[in-house]
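Asks: Throughout the sequence shown, residue numbering follows my numbering, covering 55 to 453 in sequence. All C-beta atoms in this analysis are idealised placements derived from N, C-alpha and C, irrespective of residue type, glycine included. Mind looking over this structure? Questions follow.
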Amino acid sequence: MAGKPKGDGDAAILLVDDEPYVLAALKRTLRNTSCEIHTASSGEEGLDTLERVGVQVVISDHRMAGMDGVTFLRRVKEKWPDVQRVMLTGQASAGAIERAVNQSEVFRFLNKPWNEAQLIATVNESLNHYRLIVSNRRFEAELAERNRELVESNCDLEQKVQERTRALVQAEKMAALGRMAGGVAHEINNPLGGILAFTQLLLRDGPADDPQTREALDTIQTCALRCRDIADNLLSFARKPAEEHLEISVNQVATDALVLARLHPRSKEVDVREELAPDLPPVLGQASLLQQVVINLLQNAYQASAPGQAVFLRTYQSGEKVFLEVEDAGQGISESIRAQIFEPFFTTKEVGEGTGLGLFICYGIAREHGGDLKVESEEGRGSRFIFELPKAPVISEKE
55 MAGKPKGDGD AAILLVDDEP YVLAALKRTL RNTSCEIHTA SSGEEGLDTL
105 ERVGVQVVIS DHRMAGMDGV TFLRRVKEKW PDVQRVMLTG QASAGAIERA
155 VNQSEVFRFL NKPWNEAQLI ATVNESLNHY RLIVSNRRFE AELAERNREL
205 VESNCDLEQK VQERTRALVQ AEKMAALGRM AGGVAHEINN PLGGILAFTQ
255 LLLRDGPADD PQTREALDTI QTCALRCRDI ADNLLSFARK PAEEHLEISV
305 NQVATDALVL ARLHPRSKEV DVREELAPDL PPVLGQASLL QQVVINLLQN
355 AYQASAPGQA VFLRTYQSGE KVFLEVEDAG QGISESIRAQ IFEPFFTTKE
405 VGEGTGLGLF ICYGIAREHG GDLKVESEEG RGSRFIFELP KAPVISEKE
């Protein structure tokens, strides 16, 4: 004999027939199951019952007054597609059976009079099929959610890989340039030293009454000194400075750098505004190198600004970081070249006005100090360069 329907919790069945004695006989057959039994004497009453209670299986007679079983089960399928539909027939024709299959997608047919074991087995199969459908839908939803999470994780991973790759490429570029710069700078410094030495001798011992000659010698000395500064910048990336990193005030670096940056001829055409936060924690570094970054950023801001525009020099703290910003209201940097501005030898200046090494060297100094150098810019609305440094660790007295 077939056992009780099995599953999580009690199941519910709706029996629909317009003959009261048939409903009573069906209930009697299913009385020993764990199913909650609901009955209806017509298709209309059955639909009302389904609106009020949840069931997993509907067993309906084929021939009923008013709405017949095929129509009733078709409407059940349309509104509650997961509910399993069983049709009870007496002498259904082949056409009626075909209509029931095509329109109502009936799960099983039972003949009148029914076999009790077959009825209970059909209920068991219907309930199991219902639970399988629900379980599959739950699994599909969970799988879709896992796939969504996997896609997001893959996107995050791909972004991190790209960022790491860019960082490694940038580091390799810096290392390669450093190796090349060391050799080039040494080769340039040797003849430059001779040029400067002989120029200074001529300035000291040459004819004092020949202003044109002295002016030419002054020009030679100025150009040679500029070449030496460029070579020194290259050498700063060819070797690690021997100077120890000390605790430094970022505000002091900003103030000292501003004094030197004001020697730039464009500085007199712009309005430099200082917004230095008080009580900033110190950072570890080399003051001369940090000043070099700020001077370069200020001079770039001067050149990007129109006469009368403001250039802001700011400092502030956020979390464990100390920030220095230089912001201008110039023409900005187009998105197409923004990612290239920290690369060596990239410049938008006219030929002879820049080497394309300034921002590259500044970026290297920032990374050497455990920090970063970033830019935020919108074409036509200026640029903001953000110099980020970690604050100096607090050393306890015991140490």
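1. Per DSSP, what are the beta-bridge partners of G339 in this structure?
2. Just reading off the alpha helix (DSSP H) that A364 is part of, what are its end residues?
3. Mapping DSSP to helix, strand and coil, what is I187?
4. Which residues in the same chain as N350 place their Cβ atom closer than 8 Å to its Cβ, once the five residues preceding and following it in sequence are excluded?
5. Comparing alpha-carbon positions, which option in G248, E298 and R435 lies nearest A341?
6. Around the C-beta of H116, are 16 or more other C-beta atoms found within 10 angstroms, so that it is buried, or is it exposed?
7. Contact between the stretch 172-192 and the stretch 122-141 is defined here as three or more beta-carbon pairs at a separation below 8 Å; is this criterion met?
8. Residues in the same chain with beta-carbon distance under 7 Å from V448, minus the five sequence neighbours each way, listed in chain order, please.
9. Can the beta-carbon of I440 be found less than 7 Å from the beta-carbon of K428?
10. Whole-angstrom Cβ separation of V307 and L344, contact assumed at under 8 Å?
11. Going by C-alpha distance, which of V112, P167, E241 and Q394 is nearest M141?
12. To which residues does DSSP link A114 through a beta bridge?
13. When the Cα atoms are used, what is the spatial distance from V337 to T309?
14. Along the chain, where does the beta strand (DSSP E) that runs through K428 open and close?
15. Ignore the nearest five residues each way along the sequence and tell me which others in A331's own chain have a CB closer than 7 Å to its CB.
16. So if DSSP puts A94 in a beta bridge, which residue, or which two residues, is it bridged to?
17. Taking the continuous alpha helix (DSSP H) assigned at E389, which residues delimit it?
18. Would you check if the stretch 100-109 and the stretch 80-88 touch, i.e. whether three or more CB-CB distances between them fall below 8 Å?
19. Pick from T273, E381, H423 and I274: whose alpha carbon is nearest that of G339?
20. Just verifying my parser: in three-state terms, what is the DSSP assignment at P444?
21. Starting from E323, trace the beta strand (DSSP E) in both directions and tell me its first and last residue.
22. Look at the alpha carbon of E90 and the alpha carbon of Q216, and state the distance between them as a whole number of angstroms.
Replies: From the atom records:
1. Start at 1 with the first residue of the sequence shown, and residue 339 comes out as number 285. Per DSSP, L300.
2. For the purposes of this step, residue 364 is identified with residue 310 of the sequence shown, where counting begins at 1. From DSSP, A364 is part of no alpha helix (DSSP H) but of the beta strand (DSSP E) over A364 to S372.
3. If you number the sequence shown from 1, residue 187 lands on position 133. In this structure, I187 counts as helix in the three-state DSSP scheme.
4. Stepping through the sequence shown from its first residue, residue 350 is reached at position 296. The answer, listed in chain order, is G412, L413, I415 and C416.
5. By 1-based counting over the sequence shown, the position of residue 341 is 287. The shortest Cα separation from A341 among G248, E298 and R435 belongs to E298.
6. Position 62 of the sequence shown, counting from 1, holds the residue named residue 116. It counts as buried.
7. Between the stretch 172-192 and the stretch 122-141 there are three or more inter-stretch CB-CB distances shorter than 8 Å, so the stretches are counted as touching.
8. Residue mapping note: residue 448 aligns to position 394 of the sequence shown, counting from 1. For V448, where only same-chain residues beyond five positions count, there are no Cβ hits under 7 Å.
9. Working through the sequence shown from its first residue, we reach residue 440 at position 386. Working through the sequence shown from its first residue, we reach residue 428 at position 374. Yes.
10. Against the sequence shown, residue 307 aligns to sequence position 253. Against the sequence shown, residue 344 aligns to sequence position 290. Going by Cβ atoms, the distance from V307 to L344 rounds to 5 Å, so yes, they are a contact pair.
11. Walking along the sequence shown from the start, residue 141 turns up at place 87. Closest option to M141, Cα to Cα, is V112.
12. In the sequence shown, counting from the first residue as 1, residue 114 sits at position 60. Just to set this straight, residue 114 is Ser in the shown sequence, not Ala. In the DSSP output, where bridge partners are listed per residue, S114 has V70 and M141.
13. Stepping through the sequence shown from its first residue, residue 337 is reached at position 283. Stepping through the sequence shown from its first residue, residue 309 is reached at position 255. Their Cα atoms are separated by approximately 15 Å.
14. For this step, residue 428 is matched to residue 374 along the sequence shown. Its beta strand (DSSP E) spans residues D426 to S431.
15. Residue mapping note: residue 331 aligns to position 277 of the sequence shown, counting from 1. Contacts found: T369, Y370 and Q371.
16. As a first step, residue 94 must be located in the sequence shown, where it is residue number 40. Answer is V70.
17. By 1-based counting over the sequence shown, the position of residue 389 is 335. Where E389 is concerned, the enclosing alpha helix (DSSP H) stretches over E389 to R392.
18. no
19. Residue numbering aside, residue 339 sits at position 285 when the sequence shown is read from its first letter. Checked all of T273, E381, H423 and I274; the closest Cα to G339 is H423.
20. On the sequence shown, position 390 is the one that residue 444 refers to. Of the three classes helix, strand and coil, the one that applies to P444 here is strand, per DSSP.
21. As a working mapping, residue 323 is identified with position 269 in the sequence shown. Run containing E323: none; DSSP gives neither H nor E here.
22. Within the sequence shown, residue 90 is the residue found at index 36, counting from 1. Within the sequence shown, residue 216 is the residue found at index 162, counting from 1. Cα-Cα distance, rounded: 60 Å.
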